[in-house]
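J.: Residue numbers (numbering that gives the first Met the number 0), protein chains in the order written: chain A, 0 to 296; chain B, 0 to 296.
Number of protein chains: 2
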Amino acid sequence: MGTGMWLDGFIAADWGTTNRRAYLIDRSGSCIAEFEDAKGILSVPAGGFDAEVAEMRERLGDKPLLLAGMIGSNRGWVEAPYVPCPAGIEELARGLVWAGEREAIVPGVSFIGDGRADVMRGEEVQLVGAIASGLVPSNCLVCHPGTHNKWAVVAGGLVTSFRTVMTGELYNLLKEHSILADLLKPDVEPDDSFRSGVQRALDYHDAQAELFTVRARVLLGQAPPETAASYASGLLIGSDVRIGLSGNAADNVIVMGRPELTELYAAALDVAGVSCIEIDGERCFLAGIVKIAEMMR
Amino acid sequence: MGTGMWLDGFIAADWGTTNRRAYLIDRSGSCIAEFEDAKGILSVPAGGFDAEVAEMRERLGDKPLLLAGMIGSNRGWVEAPYVPCPAGIEELARGLVWAGEREAIVPGVSFIGDGRADVMRGEEVQLVGAIASGLVPSNCLVCHPGTHNKWAVVAGGLVTSFRTVMTGELYNLLKEHSILADLLKPDVEPDDSFRSGVQRALDYHDAQAELFTVRARVLLGQAPPETAASYASGLLIGSDVRIGLSGNAADNVIVMGRPELTELYAAALDVAGVSCIEIDGERCFLAGIVKIAEMMR
């Protein structure tokens, strides 16, 4: 740390389990080139990360690398141990792990408390980036939908606790492998069927109790099959929203992530009577990774 | 109906989605031969049921057939429309559908009410058999674990309502395809880990909220990996038990099904402070199918 090498721009990457998004950041902190591909960590064989990093440099330039996400997990390149809550941008910068002289990996964040344990890798850069750049208030509840939705409590500009809800993965499992698979083929929309699923989950308090009704409603002529996907997603996301709001003040809710997902969670929060602000997760990632790089100059 | 052909014994089958169990019943109503194989309805090509039925007769004898389960669904041999709740053995016998002169199919049961819809196929024979033969009281709450657990309310000797909870399928999806797959490889036992998962679900009210902690607890050294499968199963079954007991009197709870599953649900009910009686589902099926055949004599 503290070297001058980051002054002349760098390559940032959000390197996840199944995908990799890489950005060339210039000396002013702007993204001037980028690419995304399917070279997530699970597609890289053991010992193969040096070659993948070299390929990133071929595409974006011979710059230092600042990597975040599952690349720092025990299945990734070099393990970057979790930083415990409360965590902010300084804790992440202090926890950087160097995979080489010009390759740093951002640590994940862990939470132990309330009789449970939780971890995140990747979302923390978006969270601290949004906080540090003023995109979100320093006290708020952040919902970060994805394969594993995160509800993060931000207080005093730090991530003080969070909870992971596997909603995205559960929906995908049901869509790809379950008895509901045929019914879940259509795209999910935040329409009336979605909202009625949300309302049902909010009223009844448990998607597990209601998922089979998605099939039974259609078999018994109580709902047209084309509404099943949105209704099922509404059940799961409604249940997720109830979980996230439980015990948390709901006056400052931020939904951060990919717009097609934040739209669904914003609709579900609306059904729950909670207003929110949607912000783009990629913008937050870039803000966060640039802030971390600035701390190393 | 009303023919004498059932007097000289018959073949009964519980013909499900992935498996088929067939029994030769003698004139006294006793099972004297049986087999089980993987020829569930999804493995039988369109138009292939005549051949499968002929093969059953080759193995067990040239007898009339009384079939139950998914064989009567819209993906089965001949569709046997659902009989609505309240339903007992007479309603099932009246709803028999004939696939041939000597081949009858027992209908499933449907429930529409409380703002939801539900269906069962196969469990209804066990339920009415247990009621008609006095294996269960005429007023009770029956839990029938399986791929799709059923909580059935029995009143006055009839199934008056029921709810399906997809717990078995959810666990299998997580075990086979999810980020938890590696951790869920061991067999589930009703041990302390299982019971702590049940307690957590009963306290916190939602498996969806807690499933990811199965992984995080291990990553952060809060739980040994070999406890993860039982803990995760405890979370799902604990949540299922809370759903089943919700709004239902819990003084007469019967857990019916395969012993390795009824054992887990009995342990979860015990954590919830509810005593139950476990009974073997196959015995109930045989009691039910014989009672239905008797009504046709």
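Idealized CB from N, CA, C, for every residue including glycine.
Keep in mind that this is a model prediction, so the values were computed, not measured.
Quick check: is the beta carbon of B/ASP239 nearer than 8 Å to any beta carbon in chain A?
T.: Here residue 239 of chain B is taken as the residue at index 240 of the second sequence, counted from 1. B/ASP239 counts as touching chain A.
J.: Pop quiz: A/ALA271 and A/LEU201 are said to be a contact at Cβ under 8 Å. What is the actual Cβ separation, rounded to whole angstroms?
T.: In the first sequence, counting from the first residue as 1, residue 271 of chain A sits at position 272. In the first sequence, counting from the first residue as 1, residue 201 of chain A sits at position 202. Confirmed, Cβ separation roughly 6 Å.
J.: Could you say which of A/ALA67, A/ALA92, A/SER109 lies nearest to B/ARG214 if we only look at CA atoms?
T.: On the second sequence, residue 214 of chain B is found 215 positions in, with the first residue counted as 1. Minimum Cα distance to B/ARG214 is reached at A/SER109.
J.: Are any of the Cβ atoms in chain A nearer than 8 Å to that of B/PRO224?
T.: If you number the second sequence from 1, residue 224 of chain B lands on position 225. With 8 Å as the cut-off, B/PRO224 does not count as an interface residue toward chain A.
J.: DSSP three-state call for B/GLY71: helix, strand or coil?
T.: For the purposes of this step, residue 71 of chain B is identified with residue 72 of the second sequence, where counting begins at 1. The answer is helix: DSSP assigns B/GLY71 an H, G or I state.
J.: Measuring only from the beta carbon, is A/GLU122 closer than 7 Å to any heavy atom that is part of the ligand NAD?
T.: Ligands are entirely absent from the displayed structure, and the ligand NAD is therefore not among its contents.
J.: Strictly below 9 Å CB to CB, what residues from chain A border B/HIS143?
T.: Residue mapping note: residue 143 of chain B aligns to position 144 of the second sequence, counting from 1. The contacting residues do not exist; B/HIS143 stays about 13 Å from chain A at best.
J.: Out of A/ASN18, A/TYR203, A/ILE276, point me to the one whose CA is closest to B/ASP113's CA.
T.: Within the second sequence, the letter at position 114 stands for residue 113 of chain B. If we check each option's Cα against that of B/ASP113, A/TYR203 comes out closest.
J.: Going by other Cβ atoms of all chains shown within 10 Å of its Cβ, with 16 needed for buried, is B/ALA45 buried or exposed?
T.: What you label residue 45 of chain B is simply residue 46 of the second sequence in a count that begins at 1. B/ALA45 should be labelled exposed.
J.: For chain B, find out if any of its Cβ atoms is closer than 8 Å to the Cβ of A/GLN207; answer yes or no.
T.: The residue you call residue 207 of chain A lines up with position 208 of the first sequence. Judged by the 8 Å Cβ criterion, A/GLN207 is in contact with chain B.
J.: Which of helix, strand or coil does DSSP assign to A/MET119?
T.: Locating residue 119 of chain A in the first sequence gives position 120, counting from the first residue. Looking at A/MET119 - three-state DSSP - the assignment turns out to be strand.
J.: Give the DSSP-derived three-state secondary structure of B/PRO224 in the structure shown.
T.: Stepping through the second sequence from its first residue, residue 224 of chain B is reached at position 225. Residue state, collapsed to three classes: helix.
J.: Do you know how far the Cα of A/SER160 is from the Cα of A/PRO85?
T.: Here residue 85 of chain A refers to the residue found at position 86 of the first sequence. Here residue 160 of chain A refers to the residue found at position 161 of the first sequence. Their backbone Cα atoms lie some 7 Å apart in a straight line.
J.: What is the rounded straight-line gap between the Cα of A/ILE253 and the Cα of A/ARG282?
T.: What you label residue 253 of chain A is simply residue 254 of the first sequence in a count that begins at 1. What you label residue 282 of chain A is simply residue 283 of the first sequence in a count that begins at 1. Going by the C-alpha atoms only, they are around 14 Å apart.
J.: Count the other CB atoms within 10 Å of the CB of A/THR166; is the residue buried (16 or more) or exposed (fewer)?
T.: By one-based count along the first sequence, residue 166 of chain A stands at place 167. When all chains shown are included, A/THR166 counts as buried.
J.: Consult DSSP for B/LEU3 and reduce its assignment to one of helix, strand or coil.
T.: In the second sequence, the residue the question calls residue 3 of chain B occupies position 4. Before going on, a small fix: residue 3 of chain B reads as Gly here, not Leu. Helix at B/GLY3.
J.: My parser needs the beta strand (DSSP E) runs of 3 or more residues fully inside the segment 40-95 of chain A; what are they?
T.: Runs of the beta strand (DSSP E) inside the segment 40-95 of chain A: 64-67.
J.: Report the partner residues of A/GLY112 according to the DSSP bridge assignment.
T.: As a first step, residue 112 of chain A is located in the first sequence; it is residue number 113 there, counting from the start. According to DSSP, which records beta bridges pairwise, A/GLY112 is partnered with A/ARG115.
J.: Am I right that A/LEU71 and A/VAL105 are in contact with their C-beta atoms under 8 Å? What's the rounded C-beta distance?
T.: Against the first sequence, residue 71 of chain A aligns to sequence position 72. Against the first sequence, residue 105 of chain A aligns to sequence position 106. It is worth fixing the name first, because residue 71 of chain A is Gly in this sequence and not Leu. Rounded, the Cβ-Cβ distance is 7 Å, consistent with contact.
J.: Are A/TYR230 and A/SER195 close, meaning C-beta to C-beta below 8 Å?
T.: As a working note, residue 230 of chain A is residue 231 in the first sequence. As a working note, residue 195 of chain A is residue 196 in the first sequence. Contact: yes.
J.: To which residues of the same chain is A/LYS149 closer than 6 Å at the C-beta, ignoring the five residues directly before and after it?
T.: The residue you call residue 149 of chain A lines up with position 150 of the first sequence. The residues are MET119, GLU122, HIS143, PHE161, THR163.
J.: Taking a contact to mean a Cβ-Cβ separation below 8 Å, would you say B/ALA154 touches B/ILE278 in this structure?
T.: Reading the second sequence from its first residue, position 155 is the one you call residue 154 of chain B. Reading the second sequence from its first residue, position 279 is the one you call residue 278 of chain B. In this structure, B/ILE278 does not lie closer than 8 Å to B/ALA154 by Cβ.
J.: Any idea if B/LEU65 is buried or exposed, counting beta-carbon neighbours within 10 angstroms, 16 or more meaning buried?
T.: On the second sequence, residue 65 of chain B is found 66 positions in, with the first residue counted as 1. Label assigned to B/LEU65: buried.
J.: Given a limit of 7 Å on CB to CB distance, which residues of the segment 15-41 of chain A reach chain B?
T.: Here the close residues number zero.
J.: Spell out whether any CB of chain B is found under 8 Å from the CB atom of A/LEU285.
T.: Looking up residue 285 of chain A in the first sequence gives position 286. Cβ-Cβ to chain B under 8 Å: no for A/LEU285.
J.: Check the DSSP bridge columns for B/TYR203 and list the partner residues they point to.
T.: Translated into the one-based positions of the second sequence, residue 203 of chain B becomes position 204. B/TYR203 is not bridged to any residue.
J.: Select from the segment 169-186 of chain B all residues with a C-beta closer than 9 Å to any C-beta belonging to chain A, and list them in chain order.
T.: Residues passing the 9 Å Cβ filter: LEU169, ASN171, LEU172, LEU173, GLU175, HIS176, SER177, ILE178, LEU179.
J.: Can you list, in chain order, the residues of its chain with a C-beta nearer than 6 Å to that of B/GLU90? Leave out the 5 residues immediately preceding and following it.
T.: In the second sequence, the residue the question calls residue 90 of chain B occupies position 91. Taken in chain order, the residues that qualify are VAL82.
J.: Within the continuous alpha helix (DSSP H) that includes B/LYS174, where are the two ends?
T.: As a first step, residue 174 of chain B must be located in the second sequence, where it is residue number 175. B/LYS174 -> alpha helix (DSSP H) spans 166-176.
J.: Does any CB atom of chain B fall closer than 8 Å to the CB of A/VAL43?
T.: Counting from one through the first sequence, the residue named residue 43 of chain A turns up at place 44. A/VAL43 does not count as touching chain B.
J.: Which residues in chain A sit within 9 Å of B/ILE70, going by Cβ to Cβ distance?
T.: Here residue 70 of chain B corresponds to residue number 71 of the second sequence, with the count starting at 1. Those within 9 Å of B/ILE70 in chain A number zero; the least Cβ separation is about 16 Å.
J.: With H, G and I counted as helix, E and B as strand and the rest as coil, what does DSSP make of B/THR261?
T.: Translated into the one-based positions of the second sequence, residue 261 of chain B becomes position 262. Correct three-state label for B/THR261: helix.
J.: Is the segment 50-57 of chain B touching the segment 26-33 of chain B, taking contact as three or more C-beta pairs under 8 Å?
T.: Not touching, per the Cβ criterion.
J.: Does the segment 260-270 of chain A come close enough to the segment 133-147 of chain A that 3 or more CB-CB pairs lie under 8 Å?
T.: Contact holds: three or more Cβ-Cβ distances are below 8 Å.
J.: How many angstroms separate the CA atom of B/ILE276 from the CA atom of B/PHE284?
T.: In the second sequence, counting from the first residue as 1, residue 276 of chain B sits at position 277. In the second sequence, counting from the first residue as 1, residue 284 of chain B sits at position 285. Near 17 Å, if we compare the C-alpha coordinates of B/PHE284 and B/ILE276.
J.: Identify the contact partners of B/ALA116 in chain C, using a Cβ-Cβ distance below 7 Å as the criterion.
T.: In the structure shown, chain C does not exist; the protein chains are A and B.
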